[in-house]
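Q: Our numbering numbers the first residue of the sequence shown as 36 and each following residue consecutively. I have a structure here, written as structure tokens, and I will follow up with some questions on it.
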Amino acid sequence: MGVFNFVDDGSLQGCAALKLSDGRKRSMSLWVEFITASGYLSARKIRSRFQTLITQALERSQYRDVCALLNDNSDVRLRIHHTYTVQIICSFRCTGIWPRSANQWPSPINTEWPNPMIVSEVKNEGFDLLSKEVPVPVPPQNVGPTANNKQPNTNTMEGDAWAMSMASAENLLLSHSNRQKALSILKTLRDRHLDYPGSPVTNYILKTLILYECEKHQQEHEWFDINLGDRVIGKYIQLLNY
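Okay, here's the thing in structure tokens:
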């Protein structure tokens, strides 16, 4: 089957690569059709093959009249009853390791939260590698006499890299005290008042805001029921100001 090494060199922010440990065994690997000439397991090739399989499955499904595959990008996204959108992503679970790009977490200034026991638990929980399409920022073009000199993209891993998801670790951080309850309240407010076409406020943004609030208010008593309203109202006002 082949053994892959986890490569986290920071060349693509938030992404990592899986490289075959012994390139000479590329043709012997069960993953051979998804491995690049450089020996990397390609997330792009995985997505392409997965999309083909889902398309074939839908064509033979009794639900093909109510379920359609969206083709706006290379990710597998299904539209059900013209109302609900479901995204299906191939992933690898990485437990017991922690990405080098996240070695600076937690910050030394966070002396109260998270405590060392929670940090150890989170790092053991690990993360996921997702084969989802990741938008890569386009560097600004030069202006002036050298504007016509196109700068080649030196990053050969675009499309083949895997997105690192810390969702499990984030959920674990929020599982203590009332932090998850605060997030649930914000989600409810968002669904009732900020859920409109093109709304920039996503559930992930709300989770990020709560995590920042955890760093700002590190004491456990600040998340007791009596203080929970202050935590929620502060974040909600911050959203409205944006």
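Even for Gly, the Cβ is constructed at its ideal location relative to N, Cα and C.
Based on Cα-Cα distance, which residue from Leu241, Asp226, Arg227 and Ala198 lies nearest to Ser209?
A: Counted from its first residue, the sequence shown places residue 209 at position 174. Before going further, note that residue 209 is Leu rather than Ser in the sequence given. Minimum Cα-Cα distance from Leu209 among the listed residues Leu241, Asp226, Arg227 and Ala198 corresponds to Leu241.
Q: Please report the Cβ distance between Asp163 and Arg128, rounded to the nearest whole angstrom; I am assuming they are in contact, meaning their Cβ atoms lie under 8 angstroms.
A: On the sequence shown, position 128 is the one that residue 163 refers to. On the sequence shown, position 93 is the one that residue 128 refers to. Contact flag correct, Cβ pair sits at about 6 angstroms.
Q: Give every residue of the same chain whose Cβ lies closer than 8 angstroms to the Cβ of Ser126, excluding the five residues on either side of it in the sequence, and list them in chain order.
A: One-based indexing of the sequence shown puts residue 126 at position 91. Cβ neighbours of Ser126 beyond the five flanking positions: Asp163, Leu164, Leu165, Ser166 and Ser200.
Q: Just tell me which of Gln48, Cys249, Asp195 and Trp197 has its CA closest to the CA of Pro215.
A: Here residue 215 corresponds to residue number 180 of the sequence shown, with the count starting at 1. Residue 215 is actually Gln in this sequence, not Pro. Cys249 is the residue among Gln48, Cys249, Asp195 and Trp197 whose C-alpha sits nearest the C-alpha of Gln215.
Q: Helix, strand or coil: which one does DSSP assign to Arg95?
A: For the purposes of this step, residue 95 is taken as the residue at position 60 of the sequence shown. DSSP places Arg95 in coil when its eight states are reduced to three.
Q: Which residues does DSSP list as the beta-bridge partners of Ile70?
A: Working through the sequence shown from its first residue, we reach residue 70 at position 35. Paired residue(s): Leu76.
Q: Just curious, the alpha helix (DSSP H) that Ala52 is in, first and last residue?
A: Indexing the sequence shown from 1 puts residue 52 at position 17. Taken as a continuous stretch (DSSP letters only), Ala52 belongs to no alpha helix (DSSP H), being part of the beta strand (DSSP E) at Cys50 to Leu55.
Q: Could you check if Lys270 is buried or exposed, using at least 16 other CB atoms within 10 Å of its CB as the buried criterion?
A: Stepping through the sequence shown from its first residue, residue 270 is reached at position 235. Residue burial is scored here from C-beta neighbours: Lys270 has at least 16 other C-beta atoms within 10 angstroms and is therefore classed as buried.
Q: Are Leu55 and Phe39 touching if we call contact CB-CB under 8 angstroms?
A: Translated into positions along the sequence shown, residue 55 becomes position 20. Translated into positions along the sequence shown, residue 39 becomes position 4. Cβ atoms of Leu55 and Phe39: closer than 8 angstroms.
Q: Express the C-alpha separation of Asn106 and Phe69 in angstroms, rounding to a whole number.
A: Start at 1 with the first residue of the sequence shown, and residue 69 comes out as number 34. Start at 1 with the first residue of the sequence shown, and residue 106 comes out as number 71. Their backbone Cα atoms lie some 21 angstroms apart in a straight line.
Q: Please name the residue, chosen from Ala204, Ala92 and Leu274, that lies closest to Asp230 on a Cα-to-Cα basis.
A: Locating residue 230 in the sequence shown gives position 195, counting from the first residue. Residue Leu274 is the option with its Cα nearest to Asp230.
Q: Anyone know if the C-beta pair for Phe259 and Ile132 falls short of 8 angstroms?
A: As a position in the sequence shown, residue 259 is number 224, starting the count at 1. As a position in the sequence shown, residue 132 is number 97, starting the count at 1. Taking 8 angstroms as the Cβ cut-off, Phe259 and Ile132 do not qualify as a contacting pair.
Q: Would you kindly work out how many angstroms separate the C-alpha atoms of Ala103 and Leu93, rounded to a whole number?
A: Looking up residue 103 in the sequence shown gives position 68. Looking up residue 93 in the sequence shown gives position 58. Whole-angstrom Cα-Cα distance: 8 angstroms.
Q: Tell me the rounded alpha-carbon separation between Ser83 and Pro170.
A: The residue labelled residue 83 in the question sits at position 48 within the sequence shown. The residue labelled residue 170 in the question sits at position 135 within the sequence shown. A direct Cα-to-Cα measurement between Ser83 and Pro170 gives close to 17 angstroms.
Q: Do you know whose CA, among Thr237, Leu244 and Glu255, lies nearest Ile268's CA?
A: Position 233 of the sequence shown, counting from 1, holds the residue named residue 268. Comparing Cα positions, the closest option is Leu244.
Q: Which runs of the alpha helix (DSSP H) fall wholly inside the region 93-167 and span at least 4 residues, in chain order?
A: 151-160
Q: For Leu207, which option in Asp110, Val67 and Lys158 has the closest C-alpha, if you only look at C-alpha atoms?
A: Numbered from its first residue, the sequence shown carries residue 207 at position 172. Selected option, being the one with the closest Cα: Lys158.
Q: Quick check: the Cα distance between Asn262 and Gln253, rounded to an integer number of angstroms?
A: The sequence position of residue 262 within the sequence shown is 227, counting from 1. The sequence position of residue 253 within the sequence shown is 218, counting from 1. Cα to Cα, the separation comes out at about 13 angstroms.
Q: If I measure Cβ to Cβ from Tyr75 and keep anything under 6 angstroms in the same chain, skipping five residues before and after, which residues do I get?
A: The residue you call residue 75 lines up with position 40 of the sequence shown. So the list reads Ala52, Lys54 and Asp195, once near-sequence residues are dropped.
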